[in-house]
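There are 2 protein chains.
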Amino acid sequence: MTNPRAIISDVAPRDGLQSIGPFVPTATKIALVRAIYDAGIRRMEIGSFVSPKAVPQMADTAEVLRAALAMPGLECTVLVPNRRGFDLAAASGAQRLGLFMSVTESHNKANLNRTREESFADLAAIVRDAKAAGLELRFNLSTVFHCPFEGVVPDGEALDWIERVVALDPAMEVALADTTGNAAPDQVRRIFERAHRSWGLRFAFHGHDTYGMGVANVSAAWAAGVRIFDSAAGGLGGCPFAPGATGNVATEDVAWLFRRMGVETGVDWNRLLAAADLAAQIPGGTPGGRLRGVPSVRQAA
Amino acid sequence: MTNPRAIISDVAPRDGLQSIGPFVPTATKIALVRAIYDAGIRRMEIGSFVSPKAVPQMADTAEVLRAALAMPGLECTVLVPNRRGFDLAAASGAQRLGLFMSVTESHNKANLNRTREESFADLAAIVRDAKAAGLELRFNLSTVFHCPFEGVVPDGEALDWIERVVALDPAMEVALADTTGNAAPDQVRRIFERAHRSWGLRFAFHGHDTYGMGVANVSAAWAAGVRIFDSAAGGLGGCPFAPGATGNVATEDVAWLFRRMGVETGVDWNRLLAAADLAAQIPGGTPGGRLRGVPSVRQAA
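Residue numbers (full-length UniProt numbering), protein chains in the order written: chain A, 1 to 301; chain B, 1 to 301.
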């Protein structure tokens, strides 16, 4: 019997760095991608083709992507918020695009400055064009479980939007994100179980560890059948507006969970700790996660 | 429909303080018990009637117990390792005793200096005498999931010992402990589901957060039907031989998990944070847990 497998997609290069104030030199970004790659991770969110005025930290995404595409077997996703981002990504040689919108109206407006219907119409057109161009797609739904403005999201509202997104393309991977870290494990399990029952095993989980529930939610998603997980080396990705709050669930914490459950992730443990240390040392970052601070993990590795 | 309920048993006064080097003044211990009680917790592990030479920190258990028994509605457990501890506990007015032994031979020998069979025979006699004396009992099984000497414990070995313990008394609460923090959520869920199926809903989970899996394991135990959980305010209880390693899963983290799942615990959130802060400030302690460090938790409370 072969062990079950989980795919870890490291989002540190994008979600982890995005909110850092001081510009992280391109060479540092590429070194981070390289360190995560060397740890055995074969999927990453490399950057975002957003306006450099809105998110100056992502201004060098094309250059980081070029370096990442040269690493054999690495699946590189770049985020694309709109038509202009799509054009830039296509021109940069991107092969896999990440689209995104929110399940809740108020978060979509705050984050993307448009209604959900407007976002959905634009993204549906991009899905068509990207498929015609032979590009791979992932659709990220934010605030599936909890919204910073509207609180807990009713199951029905989440499932309605999942259904609309799924209908855009029967093969497209769809990630359900716990944007605020407020999802509860029973809710995570319930939503994924319903989604899998209705639309098959194509869902990924993007979790945050703001309230220490990140690993519990990953575990609940796994129990519900999810096999693709977003996480960030070093738990990078704190919100600059909530000091002390950690960001994405840490890749090393997720890898440890799977290791203990006998689930293969392809990770080299010592190298992953090295990548996590590198991520945590980036000036201006707000690292999180638990495993880096446990000496016996290093002794045992 | 009423909300489901979970019982939190705070073990900070015993498991949390036990390994602290400098003696914690009796008044501080009683203040900690009082703070946890004021937060709404109605079960605690107050102390241990062990030899003061072996564990000097627990030398004042009789005095702390006296103060705790005066708090209305508080269920006070004291640990009893052997016949002498049983006599001391009974003489101190204890009404609820915690017995303990390990599932693995090497840990039982290291911790209790005797074989499992020897421990089991002694404890079986104490169970009989305690029942005859009208005392309530809880039987704690250590190293159910993982042993520091033997690694992962085979399900069969754990279930065999659970069966023997359960047979001692059909009504006795039995706690299954993840002593090293190395249990995996799927293992926790599997063992508790099997135990519940065979012997009914009488099991408690005692988890550690050494590797950041504490909340995930509590969540898995809850999903398997467990309704009684041990935890320590402030995550107190680090092992002095593993610097940086945290100890018991933090009561505030567990309470937050249940709050988000809509499970009643009877906890007053602000007062629980105050108790956690108090626990974390005890000199010589190694506090853990996640929620104390998240500012937005305090703003929202």
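Note that beta-carbon positions come from the ideal geometry of N, C-alpha and C, so glycine has one too.
Any idea what DSSP makes of residue i, helix, strand or coil?
i	result
A:Val249	coil
B:Ser48	strand
A:Ser219	helix
A:Ile8	strand
A:Ala39	coil
B:Gly151	strand
A:Phe258	helix
A:Leu32	helix
B:Phe229	strand
B:Ala175	strand
A:Ser198	helix
A:Ala121	helix
A:Ser142	strand
A:Ile191	helix
B:Arg271	helix
A:Ala130	helix
A:Ser19	coil
A:Ala158	helix
A:Met71	coil
B:Gly234	helix
B:Gln57	helix
B:Thr115	coil
B:Asn108	helix
A:Asp87	helix
A:Asp169	coil
A:Arg292	helix
B:Thr210	coil
A:Thr286	coil
A:Pro13	helix
B:Val24	coil
From the options, pick the residue whose C-alpha is nearest to that of residue i; which is it?
i	options	result
B:Ser231	B:Gly262, B:Thr246, B:Ala223	B:Thr246
A:Val50	A:Ile36, A:Val33, A:Leu112, A:Thr2	A:Leu112
A:Glu173	A:Leu201, A:Asp160, A:Phe149, A:Gln187	A:Leu201
A:Asp288	A:Leu273, A:Trp269, A:Arg298	It is worth fixing the name first, because residue 288 of chain A is Gly in this sequence and not Asp. Looking at the Cα atoms, A:Leu273 is the closest of the given residues.
A:Glu193	A:Gly207, A:Ala223, A:Ala133	A:Ala223
B:Arg164	B:Val218, B:Ala121, B:Ala35, B:Lys131	B:Ala121
B:Asn217	B:Gly237, B:Gly238, B:Ser198, B:Asp253	B:Asp253
B:Ala124	B:Gly156, B:Glu157, B:Trp161	B:Trp161
B:Gly181	B:Ser142, B:Glu75, B:Gly93, B:Leu257	B:Ser142
A:Phe145	A:Arg189, A:Ala171, A:Asp10	A:Arg189
B:Thr26	B:Ile282, B:Arg292, B:Arg290	B:Ile282
B:Ala35	B:Asp277, B:Ala221, B:Asp209, B:Ala184	B:Asp277
A:Ile175	A:Leu74, A:Trp199, A:Ala204	The identity of residue 175 of chain A in the sequence shown is Ala, whereas the question assumes Ile. When each option's Cα is compared against that of A:Ala175, the closest is A:Ala204.
B:Arg298	B:Gly284, B:Val103, B:Trp269, B:Ala280	B:Trp269
B:Ser219	B:Arg259, B:Arg197, B:Gly237, B:Gly235	B:Arg259
B:Phe149	B:Gly134, B:Val103, B:Ala167	B:Val103
A:Gly284	A:Asn3, A:Gln18, A:Gly134, A:Asp169	A:Gln18
A:Gln95	A:Ala67, A:Asp87, A:Leu135, A:Asp129	A:Leu135
B:His206	B:Arg138, B:Ile30, B:Thr265	B:Arg138
A:Met71	A:Gly235, A:Ile30, A:Ala132, A:Thr265	A:Ile30
A:Arg43	A:Pro52, A:Leu65, A:Val80	A:Leu65
List the DSSP bridge partners of residue i.
i	result
A:Arg96	A:Thr77, A:Glu136
A:Gly205	In the sequence under discussion, the amino acid at residue 205 of chain A is Phe, which differs from the Gly named in the question. BP columns for A:Phe205 point to A:Leu176, A:Phe229.
B:Glu264	B:Arg5
A:Ser102	A:Ser142
Measure the beta-carbon distance from residue i to residue j and round it to whole angstroms, keeping in mind my assumption that it falls under 8 Å.
i	j	result
B:Ala233	B:Ala90	At roughly 28 Å, the Cβ-Cβ gap does not stay under 8 Å, so B:Ala233 and B:Ala90 are not in contact.
A:Val267	A:Ala54	33 Å between Cβ atoms; not a contact.
B:Gly98	B:Asn140	6 Å
A:Asp186	B:Met261	5 Å
A:Ile8	A:Ile41	6 Å
residue 302 of chain A	A:Pro56	This structure does not reach residue 302 of chain A, given that chain A is present from 1 up to 301, and the question cannot be answered.
B:Val93	B:Leu74	Strictly speaking, residue 93 of chain B in this sequence is Gly, with Val absent from that position. Wrong, their Cβ atoms sit about 13 Å apart, outside the cutoff.
A:Val263	A:Asn82	The Cβ separation is near 37 Å, so there is no contact.
A:Thr251	A:His208	With 8 Å as the limit, A:Thr251 and A:His208 do not qualify as a contact, their Cβ atoms being about 13 Å apart.
(message) Taking beta-carbon pairs under 7 Å, can you tell me which members of the segment 151-183 of chain B lie near chain A?
(response) So the list reads Asn182, given in the order they occur along the chain.
(request) With 8 Å as the C-beta to C-beta threshold (strictly closer), list the residues of the segment 36-64 of chain A near chain B in chain order. (result) Residues passing the 8 Å Cβ filter: none.
(request) Identify each residue in the segment 217-231 of chain A for which the Cβ-Cβ distance to at least one residue of chain B is less than 7 Å, and report them in chain order. (result) Of all residues in the segment 217-231 of chain A, the ones placed with a Cβ closer than 7 Å to any Cβ belonging to chain B are Ser219, Ala220, in chain order.
(message) What are the residues in the segment 112-146 of chain A lying within 7 Å of chain B by C-beta distance?
(response) For chain B, none of the residues of the segment 112-146 of chain A brings a beta carbon within less than 7 Å of one of its beta carbons.
(request) Could you please tell me which residues of the segment 280-291 of chain B, in chain order, have their CB closer than 7 Å to any CB of chain A? (result) From the segment 280-291 of chain B, only Arg290, Leu291 have a Cβ closer than 7 Å to chain A.
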